[in-house]
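Residue numbers (full-length UniProt numbering): 1 to 327.
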């Protein structure tokens, strides 16, 4: 496959893959493979999230983040390493950075009542935490979680075909996986001089997980680093979600699929007083998934780039780097 320098993120239609039509499926898999081997991002239509659910989710998200800090902090549980509930302003920093990002966020994970008692993974996850002040938050976040998880499973099936694996290679690995829905508030800065000069909404980083499904944000700012060193802006259309490769998938494929560095830049100084909202779904496997590089992705030109690790071990390492967990 020739190297492609995309000027924008390729737009794909998940209905092509789920249609049952061999030609449409094959085209989807090829387009996905080309994108993920080059820029690591696509924009996806027909992902299962309705406009109505999206609007309700953003409304509940904005309602929660409008609460006073002391109310939001009731839902902050540092002992959970930020894996459930609220994480306060500036608490998370990107790997290699000392300054916290200009954001606050909320984490919703697998709902324990959805997991059968017979599955030992149930013991690994804490209970979800939901804000009493916004009663609708629970229903809409869990519904969005399930819709995005279902879309993610289809994308992973297409990825498996592209890699020459069985189509259902990832199915059991992500069943009741450690995935996270993260409503984010990039909070207003009334006085830009009051924050560190190097503080940004989200410093450049790669995602930890297998794939990320990102709902359209309320404002511009997301940029991805192209292979030639150029930053290109990404704006998902209202009917799209942006789906990108995470570090776990890059490890598994020995960098055949690209976990592309991305960031959220600050708006112009005169707009620093405005909010930005964004809701990514980080699709994680079960903790026991083996991330050892696939033999089919290793050759003389591409020697094995990563030590063996499970998904749980790698996640733990990264949470420490992000400042959410103590070593």
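A virtual CB, placed ideally from N, CA and C, is assigned to each residue, including glycine. Everything numeric in this text was worked out from a predicted model, so none of it was measured.
Asked, Found
"Residue 161 - containing alpha helix (DSSP H), residue span", "136-162"
"Sequence-distant residues of the same chain with beta carbon closer than 8 Å to residue 73, five excluded per side", "86, 88"
"Reduced DSSP category for residue 102 - H, G, I as helix; E, B as strand; rest coil", "coil"
"For residue 280, the residue or residues it bridges with in DSSP", "214"
"Identity of the residues DSSP links to residue 233 by a beta bridge", "223"
"Buried versus exposed call for residue 269 [16 or more other C-beta atoms within 10 Å across all chains shown]", "exposed"
"Rounded C-alpha distance that separates residue 121 from residue 313", "15 Å"
"DSSP-derived helix/strand/coil call for residue 260", "coil"
"Proximity to residue 53 [Cα-Cα], best of 133, 310, 82, 145", "145"
"Residues that DSSP places opposite residue 43 in a beta bridge", "11, 242"
"Rounded C-alpha distance that separates residue 167 from residue 193", "52 Å"
"Cβ contact check for the stretch 38-53 and the stretch 246-262: 3 or more pairs under 8 Å", "yes"
"For residue 47 and residue 36, the rounded distance between their alpha carbons", "18 Å"
"Proximity below 8 Å, CB of residue 12 to CB of residue 28", "yes"
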